[in-house]
Amino acid sequence: MVNLPPLKERIGQLFILGFQGETLSGDHPIVRNLREDFLGGVILFDRHLASRSKYNNITGPTQIKQLTAALRANSPAPLIIAVDQEGGRVGRFRPELGFVQTTSAATMGSTPEVDTTANNARITARLLKEAGINFNLAPVVDLNVNPENPVIGRYKRSFSRDADRVISHSRAWIKEHRRLDICSCIKHFPGHGSSVADSHLGFVDISTTWQKQELQPYQTLIDEGEIEAVMIGHLYNAAIDPLYPATLSYRTVTGLLRRQLNFSGLIVSDDMQMKAITDRYGLEEACCLCLKAGIDMIIIGNNLSHDKDILPKVQNHIMQDIDRGKLDEKIVNAAWANVQKVKKILEAPHVSQ
1 MVNLPPLKER
11 IGQLFILGFQ
21 GETLSGDHPI
31 VRNLREDFLG
41 GVILFDRHLA
51 SRSKYNNITG
61 PTQIKQLTAA
71 LRANSPAPLI
81 IAVDQEGGRV
91 GRFRPELGFV
101 QTTSAATMGS
111 TPEVDTTANN
121 ARITARLLKE
131 AGINFNLAPV
141 VDLNVNPENP
151 VIGRYKRSFS
161 RDADRVISHS
171 RAWIKEHRRL
181 DICSCIKHFP
191 GHGSSVADSH
201 LGFVDISTTW
211 QKQELQPYQT
221 LIDEGEIEAV
231 MIGHLYNAAI
241 DPLYPATLSY
251 RTVTGLLRRQ
261 LNFSGLIVSD
271 DMQMKAITDR
281 YGLEEACCLC
291 LKAGIDMIII
301 GNNLSHDKDI
311 LPKVQNHIMQ
321 DIDRGKLDEK
331 IVNAAWANVQ
341 KVKKILEAPH
351 VSQ
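For reference, each letter of the sequence shown is one residue, going 1 to 353 in this note's numbering.
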């Protein structure tokens, strides 16, 4: 039988947490989270929305290398360092901070040829590698069903409305990241492209707009063995689950993604501080529901709102739910094992393809 680390450590490994600051000191809250709470990953932002700060974790090429090195030095375990670097308007490495400009998914996907996508992905992966990032929350594989979608279509985050084109461009993107040992996390399952609302701002119901073809990029890329990680969106679809949005839904995460689509990799939540969740659930309760649904890693961005003590609060709540019989410890163990698998892949010596 495998000797498992203490429960608190296993729970800490299931979280990706945001924080304020461009440098680290010994008493920085994120250092405590790493050393004492056994945090599994961090997510970096270029701005801090809660404080309306123009800058947050990323201010330039030299600074970000120093920050990621300090994060790793303070982590007792291999650390996931994540960022959203999709290209175009959605990217944390802004040109005005000294980073190269990349192209939006819509522009890359405007042609069936994937050369531009592969080149942009190569540039992006190289940038992330040099910065010390090992986990890119991209590409978006949502179909552009609704071009006026306020968070996907209008921001030109989708490669195309055509599933085959989304698949071919996503495949090229993922392969270029894999060559540099950077994990790609495709999103937003089961499909955000048809929505008429933004999950950052409130509840999103796709029950009447979602189309089954939106699953095709996931199914094909999973079948091809192309992906290590999938992000679940805060999307409610009554036809899949009449009670819960996807992030909290066992039917969606375990029933649809794990069992029907046969995905065995890492499942990640979208940011749990988005209003699609916080308007209806307490954060600690929602995190427990995430785990019950089958999610492995939970993102708390600490950007839309900020609480430097949020991780130990959530850890304690999860441990209490286990003690009370509300949450099975086996669920935590399974998620912890999936996190360790991905970390081993990220830490393994690279073999060129």
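All residues carry an ideal CB built from backbone N, CA and C; glycine is no exception.
Item, Value
"Distance between Val140 and Lys308 (C-alpha atoms, nearest Å)", "29 Å"
"Buried versus exposed call for Leu4 [16 or more other C-beta atoms within 10 Å across all chains shown]", "exposed"
"DSSP three-state assignment for Met1, whether helix, strand or coil", "Because Met1 carries a pLDDT of 46, less than 50, the predicted location of this residue cannot be relied on, and the following value inherits that uncertainty. In this structure, Met1 counts as coil in the three-state DSSP scheme."
"DSSP state of Asp279 mapped onto helix, strand, coil", "coil"
"Same chain, Cβ closer than 8 Å to Gln273, neighbours up to 5 away in sequence not counted", "Leu283, Ile300, Gly301, Asn302, Asn303, Leu304, Ser305"
"Collapsed DSSP secondary structure at Gln320 in the structure displayed", "helix"
"Cα-Cα separation, Ala293 to Ile232", "11 Å"
"Cβ-Cβ distance between Leu128 and Asn136 below 9 Å", "yes"
"Boundaries of the beta strand (DSSP E) in which Met274 is found, first to last residue", "From DSSP, Met274 is part of no beta strand (DSSP E); its letter is neither H nor E."
"Integer-rounded CB distance, given that Glu130 should sit under 8 Å from Ile174", "Not quite, the Cβ-Cβ distance comes to about 19 Å (not below 8 Å), so this is no contact."
"Identity of the residues DSSP links to Phe189 by a beta bridge", "Ile232"
"Pairwise C-alpha distance: Ser158 and Val145", "9 Å"
"Range covered by the beta strand (DSSP E) that runs through Ala77", "No beta strand (DSSP E) contains Ala77, which DSSP labels as neither H nor E."
"Residues that DSSP places opposite Phe135 in a beta bridge", "Ala82, Cys183"
"Cys185 versus Met297 - alpha carbon distance", "12 Å"
"Rounded distance between the beta-carbons of Leu215 and Gln190, thought under 8 Å", "As written in the sequence, residue 190 is Pro, which differs from the Gln given in the question. Confirmed, Cβ separation roughly 6 Å."
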